[in-house]
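Chains as they are written, first to last, in our numbering: chain A, 196 to 884; chain B, 196 to 884.
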């Protein structure tokens with residue numbers, strides 16, 4: 196927190212403002228004395244909150260200017276949930292375009308506001324004029340007296356307790372008519388006096404912008420590593436004698452937590468754990484008809500055993516769930532639950548609340564369709580027939596899981612439900628449980644993705660899986676760290692249980708290494724789906740999705756085979772992922788989103804970027820160099836923006852590669868050789884020499 | 196006005212919306228059922244009005260989308276000053292980015308609002324699904340019955356008086372179970388039924404954006420040709436015997452009006468006509484000391500004869516002013532008066548209201564300075580010591596001139612007075628006199644220029660004088676017709692009495708022809724300063740300003756010498772300017788700002804643009820081809836965006852050049868030869884063949 200000490204208590208000097216009634220229509224804002232325009236960030240014109248997390252730095256900017264020649268200045272003001280103002284002095288970034296900015300930080304969660312105050316700076320005006328006029332001997336005595344009066348006004352406005360000795364001495368010096376004017380001026384224009392005014396700005400005509408809402412959330416809303424599992428697969432085993440599978444349970448899944456935590460993940464995300472319908476159940480590989488032992492998709496929720504507030508009997512009981520959550524917590528993991536607001540035809544809602552579905556003219560309930568495709572195993576909920584009833588029930592259901600220790604919800608297809616519903620639900624939960632984090636799985640058009648984020652989702656899946664080329668990644672990251680960063684926090688997933696892009700199908704182990712490393716370093720939150728370690732890269736023909744999708748069957752991945760001494764030791768990325776997560780935890784620069792800089796490489800397959808952050812006076816800088824071509828080693832020159840690394844243009848620095856633990860001496864222009872035959876990614880800690 | 200007849204009276208169908216209290220903090224907007232995002236135009240987040248003039252078309256756009264697969268639609272709604280809604284159907288411009296837009300027109304001045312309504316389109320949803328499913332024989336009977344019910348709901352929602360026979364027949368046809376489904380469907384999906392729904396949209400879940408303010412002003416606020424004079428020069432004559440000048444008067448200046456009107460100008464703009472101070476009066480060419488007969492700058496306002504509400508005795512009386520205004524009106528001219536809110540030391544305010552100035556520590560009043568430069572003939576007004584008093588006095592003074600028939604004010608240096616003052620003044624005047632137009636002479640940084648326009652100025656001087664190269668003009672016009680067009684209306688002046696750029700000093704007659712033609716066709720409002728016709732291109736050494744600036748002396752331009760039979764007949768641009776203004780009046784396309792399209796020319800010195808507008812079914816298109824190099828004739832190929840001309844890509848059209856009255860047959864790609872030895876500008880009327 197770098198608030199200027201004392202600044203908040205420096206009251207704006209009184210200045211008369213017109214009391215005349217205006218003739219403006221309702222809704223038109225009057226201009227303040229000093230115009231403040233285009234405050235950034237600004238989400239939906241200020242009608243929706245900008246977001247940050249506790250301790251996250253972001254930039255507040257505005258155009259601030261004034262009439263005539265007098266000096267103008269600006270302050271960014273954050274008001275905390277208790278109503279206390281925190282002042283951040285702004286700097287003039289662009290004189291011609293009148294842009295001012297300040298890096299700001301809100302240090303705890305809650306509803307804050309931010310505003311920009313433009314103000315008249317009488318001290319700066321006087322210093323400018325007096326320096327020229329005393330030198331030119333124009334009105335010199337009068338300029339010194341005017342300076343003395345500015346200083347007197349400033350002293351009077353300075354909070355009691357602040358030492359004003361130097362300023363008072365300067366007043367005396369300015370009025371010391373025994374000395375020539377040129378000898379008296381420096382007492383009031385000295386570096387010490389500038390420092391005094393920087394610490395205790397003398398602000399007149401203070402003109403605030405509107406105060407805009409800032410929602411500050413906990414750090415996990417921005418920074419975290421997620422690991423997705425189908426709980427029924429963890430501990431599932433195929434009974435050769437009976438010729439059928441035995442489901443894993445919440446208790447056997449809990450045994451996997453040690454390994455997940457051991458790799459350094461922060462969140463374990465469970466696909467739905469509710470009873471699964473049998474009507475029109477899908478078989479393996481999305482077959483229209485399930486075999487008698489097919490477990491069905493956990494997204495076809497609801498059976499006579501219960502609905503979204505129940506646990507599949509094969510997985511266990513709420514006691515087992517509580518045990519799972521406790522085990523996760525012991526390992527430092529939080530638990531995310533999948534929320535898929537749709538029902539199998541066997542869901543209790545179907546008979547108890549048919550008004551929450553769409554009824555067709557023949558009296559039947561409408562199943563999901565994308566004509567001519569039919570999804571007869573799924574009944575979409577209809578939130579329009581009885582919104583009050585449906586909203587309240589969803590809220591009750593969510594609370595069941597919060598009460599059992601779930602702190603994150605991964606929402607399946609939120610873009611198929613009304614945005615207004617999510618806004619209401621997330622706000623209502625946050626009123627009592629501001630710690631809850633919602634991840635939006637809206638693989639849809641940008642406007643809807645953005646709007647769900649504005650409606651309250653803390654995190655969003657992104658198009659990352661389909662951004663593979665350098666220009667694609669650079670363009671997309673500029674959007675995510677720029678225009679959308681105030682409201683949308685990206686979560687990068689190289690694959691999911693439903694997504695296996697051609698790049699991952701054909702890129703070999705290099706692709707799996709590379710895409711995990713990029714996800715883990717480009718953005719603060721990334722996730723993988725269980726099995727990523729094993730590079731399961733075979734697609735179901737005709738779709739960009741794994742063969743034998745775990746949605747429709749059990750998977751026993753035989754993790755023990757990949758352990759030391761196992762039959763497939765060394766064939767897993769687990770050790771690499773463990774390193775990635777350790778680097779993320781050790782380097783605060785990787786905890787932020789908006790601190791990204793791209794650098795240049797001559798070879799268009801090589802991407803170079805850095806993240807930098809100052810923590811308690813120490814600059815932490817991570818520089819990543821990656822070869823995006825998984826098939827060929829590349830040699831190229833890279834050209835670094837040294838200022839973004841905290842270095843001077845001609846400095847050398849120690850480049851410590853954190854995966855291989857090599858160290859090189861680097862400078863602005865460097866040669867790299869990188870590719871499948873080495874490691875596809877350098878993750879470099881920049882250490883000044 | 197292209198409002199859909201009857202659409203406004205189609206009431207939104209009832210749909211339950213949740214009545215649950217929200218948990219959102221104050222100031223956070225709830226999402227409506229159908230999200231509407233990023234409505235454009237939007238000025239300062241909707242806190243300041245968008246602007247148009249009566250009959251001016253502009254585009255309202257927004258991102259509109261919804262959950263799931265059902266059809267969404269959108270309407271732009273303008274609400275007139277009497278509260279009546281005017282509906283404009285929107286079209287989907289970009290499916291991926293969810294952008295919809297509609298051209299809209301407000302047909303009379305006043306405070307309107309505009310909003311975008313997103314809505315569910317049950318008819319489109321049904322047509323889409325039924326067409327696929329009936330064809331595939333999936334639920335065919337049920338789909339037809341559902342269609343019958345959609346039509347019944349639509350009929351019930353149709354305003355009484357609308358003929359619904361066809362829709363009712365379609366219901367009957369859909370239910371005619373004697374015929375096969377495929378034969379019944381077309382009754383409800385026919386072009387006639389689509390036309391019915393286009394004319395009477397059946398809108399459910401109607402979700403309005405906020406209603407934003409739209410200030411519609413009279414056409415002269417956007418479109419007009421201005422002519423600037425120093426009234427004292429018109430009729431001034433040098434008395435050889437007495438060796439001194441005799442001032443022109445308002446009565447002699449009135450004699451010039453016939454010629455100004457004859458050239459086709461709409462506005463005659465008078466530099467200040469008030470008494471001029473004698474203290475520290477400036478002499479010719481800004482000399483520090485005036486000679487005994489130097490008339491002084493009309494911008495050094497105020498003498499014992501009066502201040503801003505008085506007329507210089509040499510010019511005449513208020514009776515003479517009334518005669519001038521009447522004469523102007525007879526010639527179809529409106530009168531603009533210069534407002535320069537500054538005082539000579541001799542202004543009555545100085546003694547009567549010293550609180551409206553800045554008093555220095557020695558008791559003296561501060562003159563204008565830009566240290567170390569001094570402007571001792573000018574006392575700036577200070578609006579902060581007694582804002583109520585100063586504001587009210589300025590309002591009173593302005594009313595004096597309004598009461599004497601002034602309808603436009605050209606404001607000198609508005610950027611040296613508080614923006615809040617202008618906003619108050621302009622709004623207060625507009626409450627009683629909405630016809631008054633204010634032109635901002637703020638040659639300053641963009642943020643201030645933009646903000647003055649947002650504060651209420653109807654027009655702004657621009658950077659046009661310094662935009663000479665093609666890329667400069669194209670870039671600047673894209674800004675002026677795009678981002679800033681909703682709030683800033685440009686006025687293009689190739690020169691003013693204070694501005695004579697090197698391009699005009701050295702470009703010869705070609706430059707003067709060219710820059711007038713570009714100003715007159717690129718934007719709807721342009722102006723020239725008297726003497727432009729005579730190409731007065733000699734600068735005062737060291738400044739980009741005319742020698743013998745008319746601010747400091749009388750000028751007798753001897754207009755009669757340039758008349759037919761005069762000694763300098765043919766040496767004036769008057770005839771060319773007359774043609775330009777006649778073309779502007781004859782071609783409605785030139786009355787608008789936002790209808791500009793640039794085309795390509797291979798030679799970077801050749802600029803090509805068009806403006807197009809449909810009036811009562813007739814398309815008016817003007818195509819301009821100009822050689823920006825005043826020193827060399829250019830031959831090049833030009834390549835036209837035929838759609839922007841209202842033509843097909845392979846069409847030919849008749850290109851009628853309106854200056855030379857030549858006609859060519861042109862097509863997409865054309866050869867042009869253009870330059871000093873022909874005319875530097877082709878102004879072409881596009882006529883389809």
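Note that CB positions come from ideal geometry on N, CA and C, so glycine has one too.
- Between residue 833 (chain A) and residue 865 (chain A), the alpha-carbon positions lie close to 5 Å from each other.
- Along the stretch 217-233 of chain A, going in chain order, the ones with a CB nearer than 7 Å to a CB of chain B are 217, 218, 219, 220, 222, 223, 224, 225, 226, 227, 228, 230 and 232.
- The CB of residue 626 (chain B) comes closer than 8 Å to the CB of 218 in chain A, given here in chain order.
- Neighbours of residue 260 (chain A) in chain B, taken as residues at a C-beta separation under 7 Å, are given in chain order as 640, 642 and 643.
- Shortest Cα-Cα distance from residue 673 (chain A) to any of A:550, A:704 and A:793 involves A:793.
- It is roughly 16 Å from the alpha-carbon of residue 748 (chain B) to the alpha-carbon of residue 475 (chain B).
- In this structure, residue 601 (chain A) keeps its C-beta atom at 8 Å or more from the C-beta atom of residue 634 (chain A).
- Excluding sequence positions up to five before and after residue 266 (chain A), its CB lies within less than 7 Å of the CB of 316, 319, 320 and 323, all in the same chain and listed in chain order.
- For the pair residue 603 (chain A) and residue 462 (chain A), the CB atoms are nearer than the 8 Å cut-off.
- Inside the stretch 823-848 of chain B, DSSP marks whole beta strand (DSSP E) runs of 3 or more residues at positions 829-834, from first to last along the chain.
- At a cut-off of 8 Å, the C-beta of residue 306 (chain A) has a neighbouring C-beta in chain B.
- Residue 226 (chain B) and residue 650 (chain A) have their C-alpha atoms some 8 Å from each other.
- Residue contact check for residue 612 (chain B) against chain A: a CB pair falls below 8 Å.
- Taking C-beta atoms as the reference points, residue 263 (chain A) and residue 873 (chain B) fail to come closer than 8 Å.
- Within the stretch 355-428 of chain A, the complete alpha helix (DSSP H) runs of at least 4 residues fall at 360-369, 376-379, 381-384 and 386-394.
- In this structure residue 790 (chain B) is buried. Its beta-carbon is surrounded by 16 or more other beta-carbon atoms within 10 angstroms.
- Put simply, the CB of residue 444 (chain B) is far from chain A, with every gap to its CB atoms at 8 Å or more.
- DSSP, read as helix, strand or coil, puts residue 668 (chain B) in helix.
- In terms of CA proximity to residue 303 (chain B), B:413 leads the group B:375, B:413, B:396 and B:689.
- Proximity to residue 437 (chain B) across B:639, B:488, B:780 and B:563 peaks at B:488, based on C-alpha coordinates.
- Beta-bridge annotation (DSSP): residue 212 (chain A) is not paired with any residue.
- In this structure residue 798 (chain B) touches residue 831 (chain B) by the C-beta definition: roughly 4 Å separates them, less than 8 Å.
- Residue 453 (chain B) places its beta carbon less than 8 Å from that of residue 526 (chain B).
- Closest by C-alpha distance to residue 470 (chain B), out of B:739, B:511 and B:440, is B:511.
- Residues of the same chain with a CB within less than 6 Å of the CB of residue 543 (chain B), apart from the 5 flanking positions on each side, are 502 in chain order.
- For residue 592 (chain B), none of the residues of chain A pass the 9 Å Cβ criterion, the least Cβ distance being about 15 Å.
- With fewer than three CB-CB distances shorter than 8 Å, the stretch 363-371 of chain A does not count as touching the stretch 275-292 of chain A.
- A direct Cα-Cα distance of roughly 7 Å separates residue 507 (chain B) from residue 500 (chain B).
- Residue 854 (chain B) is outside the set of residues whose beta carbon lies under 8 Å from a beta carbon in chain A.
- For residue 571 (chain A), same chain residues with a beta-carbon under 7 Å away, outside a window of 5 residues either side, are 475 and 562 in chain order.
- Identification of residues in the stretch 242-255 of chain B having a C-beta nearer than 7 Å to some C-beta of chain A yields 242, 243 and 244, given in sequence order.
- Put simply, of A:546, A:777, A:344 and A:755 the residue whose alpha carbon is nearest the alpha carbon of residue 767 (chain A) is A:755.
- Residue 679 (chain A) and residue 803 (chain A) have their C-alpha atoms some 22 Å from each other.
- As for any beta strand (DSSP E) of minimum length 3 sitting wholly inside the stretch 757-833 of chain A, the runs are 791-796, 801-810 and 813-822, ordered along the chain.
- By the Cβ criterion, the stretch 404-411 of chain B is not in contact with the stretch 721-731 of chain B, since fewer than three pairs of Cβ atoms, one from each stretch, lie closer than 8 Å.
- Boundaries of the alpha helix (DSSP H) around residue 344 (chain A): 335-352.
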